[in-house]
Each structure stands twice: as structure tokens, then as C-alpha cells.
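So the sequence lines, in the order shown, correspond to chains S and G. 104 is the number that numbering that gives the first Met the number 0 gives to position 105 of the first sequence; each next residue is one higher, with no gaps. 115 is the number that numbering that gives the first Met the number 0 gives to position 116 of the second sequence; each next residue is one higher, with no gaps. Yeah, the Cβ is synthetic: ideal placement off N, Cα and C, and Gly gets one too. Right, one structure below, let's go through it.
Protein chains: 2
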Amino acid sequence: MRLGGARCEHLIRTSERGVLATVHPVRGVDAVPVCFVIDADRVAVPVDRIKPKTGGTLQRVRNLEHDRRAALLCDRWDGDDWSQLWWVRASLELTEGDQEHQVRTELEAALRQKYHHYVDQSFTKLLVFRITRLTGWSASASATEPA
Amino acid sequence: MRLGGARCEHLIRTSERGVLATVHPVRGVDAVPVCFVIDADRVAVPVDRIKPKTGGTLQRVRNLEHDRRAALLCDRWDGDDWSQLWWVRASLELTEGDQEHQVRTELEAALRQKYHHYVDQSFTKLLVFRITRLTGWSASASATEPA
Numbered sequence: 000m001r002l003g004g005a006r007c008e009h010l011i012r013t014s015e016r017g018v019l020a021t022v023h024p025v026r027g028v029d030a031v032p033v034c035f036v037i038d039a040d041r042v043a044v045p046v047d048r049i050k051p052k053t054g055g056t057l058q059r060v061r062n063l064e065h066d067r068r069a070a071l072l073c074d075r076w077d078g079d080d081w082s083q084l085w086w087v088r089a090s091l092e093l094t095e096g097d098q099e100h101q102v103r104t105e106l107e108a109a110l111r112q113k114y115h116h117y118v119d120q121s122f123t124k125l126l127v128f129r130i131t132r133l134t135g136w137s138a139s140a141s142a143t144e145p146a
Numbered sequence: 000m001r002l003g004g005a006r007c008e009h010l011i012r013t014s015e016r017g018v019l020a021t022v023h024p025v026r027g028v029d030a031v032p033v034c035f036v037i038d039a040d041r042v043a044v045p046v047d048r049i050k051p052k053t054g055g056t057l058q059r060v061r062n063l064e065h066d067r068r069a070a071l072l073c074d075r076w077d078g079d080d081w082s083q084l085w086w087v088r089a090s091l092e093l094t095e096g097d098q099e100h101q102v103r104t105e106l107e108a109a110l111r112q113k114y115h116h117y118v119d120q121s122f123t124k125l126l127v128f129r130i131t132r133l134t135g136w137s138a139s140a141s142a143t144e145p146a
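Here it is, written out as C-alpha cells:
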């Protein structure tokens with residue numbers, strides 16, 4: 000069944016990790032798991048210095064330079080129990096240019112609060128998106144928070 | 000670190016659920032969690048009759064009619080322990096036309112073996128893709144199977 004806006008917002012806010020899908024000029028789409036925070040109608044996805052990178056500019060960043068549209072998917076998968084499945088998808092658009100200093104500072108603080116790994120860490124880059132659409136689905140009316 | 004082809008294949012084969020990203024004509028990308036099986040260089044994603052649908056043709060199917068390219072992402076997220084993170088992504092292209100009867104029968108049998116929910120079930124549709132590229136990343140050399 001379709002989830003209402005408030006339920007979608009609650010479920011995506013309480014999710015730890017999401018999948019960021021971006022537009023790839025040749026392959027059509029790319030997808031990668033990401034950490035993120037939500038603040039009002041904004042989503043911030045950091046490029047961190049902790050998880051080891053292969054080097055160079057990340058493909059997700061190159062994709063977004065080429066096309067600002069993206070999607071963030073959060074879901075619950077409980078193995079055998081399909082009654083608790085749900086997913087929420089935020090359609091996104093990368094915001095133009097650099098963020099105001101205060102906005103960036105607030106989003107970085109929210110990331111450090113959500114993920115203790117980021118305490119005392121600086122970020123290589125902060126991708127800030129505007130949510131353009133929020134939709135969700137659940138297998139039952141009793142779908143609960145991420146396990 | 001980048002994962003080799005054999006490791007990618009093992010991890011994606013032993014994953015229960017993936018995220019299917021497709022090209023959307025307006026939003027750029029869509030993403031949705033899916034059940035799937037892999038057989039050689041093919042991926043089959045069923046449209047089943049179990050999980051309740053909102054009605055009409057699913058957006059993922061309409062997207063694929065418009066653009067055959069897609070991606071399937073599988074990953075491991077262990078909450079606080081970031082040392083065990085990994086992801087594998089298969090870039091896909093929907094195969095042309097209907098599958099030969101035998102191929103379809105084999106893929107449906109593999110789905111029923113992987114997901115006991117599908118025993119005695121027929122599928123509304125079977126999306127069959129060819130894998131065009133397989134890439135993966137892990138936080139450490141010891142990345143293990145999905146939890």
C-alpha cells in the first residue's frame with residue numbers, strides 16, 4: 000500500500016543507510032549505498048575520509064556534475080518475513096553552487112550526531128540535494144522502523 | 000578497495016535482496032528493492048503477485064519500456080561496524096522480446112528455490128537482463144557474505 004507523506008518522512012529520517020541512484024551518461028544509472036541526513040526538504044550526503052576510496056573523483060560526483068537529478072532509497076528487508084517490507088524513495092536535485100556556510104555547518108553537525116564515526120572528522124565534499132518528491136510503499140499497515 | 004570479478008559474483012549471488020535502479024524520463028532515476036536470481040550473465044527480476052501492488056503497470060516496467068538500461072545494487076550494512084561494508088553493482092540491459100520458454104522456466108524455478116514464498120506462485124512478469132558490467136567495493140579484505 001502507498002505510504003502517506005508523514006510516514007515516508009518518518010521512515011526515511013530513521014533510516015541509517017540509503018542507496019543513492021544517479022544518472023550515468025553511458026550506463027544510464029548508477030547506484031551506491033550512502034550515509035545521509037535529512038533537514039527539512041534537504042538531503043546531505045557526505046564524501047567522507049573514513050571509508051577507503053579507490054582514488055580520484057568519485058563516479059557519483061562526476062555523474063551529478065553531468066546531471067543533477069538523483070534518488071535516495073531507504074528500505075526494510077527482513078529476510079523471510081515479507082509482511083514487514085517497506086521502502087521510501089526521495090527524488091532529488093543537487094542544489095546549485097556552494098552552500099551558505101551556516102547551512103553546511105548545520106548539516107555537518109547533523110551527520111556527526113547521526114554517525115559517531117564522523118566525530119572529529121572533516122568531509123571531502125558535502126552533496127546537498129533538494130527533495131522534489133517523496134513516495135513510499137509498505138506490505139502492511141503495521142510497517143515499523145528500520146531493524 | 001575494489002573487488003575482483005569472482006568476489007563480486009559470489010557476493011551478489013548470495014544476496015537476498017537488491018535495489019533495482021532504472022531510468023525515469025522526467026526524474027532521471029528511480030530505485031526500488033527487488034527479489035532476483037542470477038544465472039550465468041543473466042539477472043531475472045520477477046513482478047510477483049504476493050507483495051501488494053498499487054495497481055496498473057509498475058513504474059519500473061514503464062521505465063524499462065522507455066530505456067532498457069538498469070543497475071542492480073547489493074550491499075552489506077552492519078550498522079555501527081563499518082569494517083564489514085561492501086557493495087556490488089551489476090549494470091544491466093533488458094533483453095529484447097520474450098524469453099525462450101526454457102530459459103524462462105529455468106529462471107522461474109531458480110526464483111522458487113531462492114524464495115520459498117514463490118513456491119506454487121506464478122509471476123505477472125519476468126524482467127530478464129543481461130549483465131554488462133560488474134563492479135564492487137569493500138571496506139576491508141575480509142568482507143563476508145550478507146548478514
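Quiz item: When Cβ atoms are compared, which residues of the segment 70-81 of chain G fall closer than 7 Å to chain S?
Solution: A70, L72, D74, W76, G78, W81
Quiz item: What are the start and end residues of each continuous alpha helix (DSSP H) run of 4 or more residues lying completely inside the segment 73-126 of chain G, in chain order?
Solution: 100-113
Quiz item: Beta carbon of L93(S), beta carbon of F128(S): below 9 Å?
Solution: yes
Quiz item: Taking only runs of the beta strand (DSSP E) that begin and end inside the segment 14-54 of chain G, which ones reach a length of at least 3 residues, in chain order?
Solution: 16-23, 27-34, 36-38, 41-46
Self-check item: Counted within 10 angstroms of its Cβ, other Cβ atoms place P32(G) as buried (16 or more) or exposed
Solution: Its Cβ being crowded by 16 or more others within 10 Å, P32(G) is buried.
Quiz item: Should the segment 73-92 of chain G be called in touch with the segment 106-113 of chain G, which here means at least 3 C-beta pairs below 8 Å?
Solution: Output reads no: the segment 106-113 of chain G does not touch the segment 73-92 of chain G.
Quiz item: Applying a beta-carbon distance threshold of less than 9 Å, which residues of chain S neighbour S14(G)?
Solution: Taking a Cβ-Cβ cut-off of 9 Å, S14(G) has no neighbours in chain S, whose nearest Cβ is about 10 Å from it.
Quiz item: V42(G) to V36(G), Cα distance in whole Å?
Solution: 6 Å
Quiz item: Taking C-beta to C-beta, are C34(S) and L133(S) nearer than 9 Å?
Solution: no
Practice problem: Locate the alpha helix (DSSP H) running through A5(G), then write down its first and last residues. | Solution: 4-12
Exercise. Please list, in chain order, all residues of the same chain as Q120(G) whose beta carbon is under 7 Å from its beta carbon, the five residues on each side excluded.
Key: Closer than 7 Å at the Cβ level, and outside the excluded window around Q120(G), lie D47, R48, I49.
Quiz item: Excluding five sequence neighbours on each side, which residues of the same chain lie with their C-beta closer than 6 Å to the C-beta of S82(G)?
Solution: Excluding residues within five positions, the ones whose Cβ falls inside 6 Å are A138, S139.
Quiz item: Residue range of the alpha helix (DSSP H) that R171(S) falls in?
Solution: This structure does not reach residue 171(S), given that chain S is present from 0 up to 146, and the question cannot be answered.
Exercise. Quick one: which residues of the segment 23-34 of chain G get their C-beta closer than 7 Å to a C-beta of chain S? List them in chain order.
Key: R26, G27, V28, D29, A30, V31, P32
Practice problem: Taking V28(S) as the reference, give the member of G78(G), R68(G), D74(G) with the closest Cα. | Solution: R68(G)
Practice problem: Return the residue from the list L71(G), H9(G), S14(G), R16(G) that minimises the CA-CA distance to I130(G). | Solution: L71(G)
Quiz item: Name the chain S residues whose beta carbon is nearer than 7 Å to that of H116(G)?
Solution: W81
Quiz prompt | Cβ-based neighbour list, L10(S), same chain, cut-off 6 Å, excluding 5 preceding and 5 following | solution = V87
Practice problem: Go ahead and pull the three-state DSSP assignment for S139(S). | Solution: coil
Exercise. Could you list which residues in chain G have their beta carbon closer than 8 Å to that of P51(S), in chain order?
Key: M0, A138
Quiz item: Quick one: does L84(G) have its CB under 9 Å from some CB of chain S?
Solution: yes
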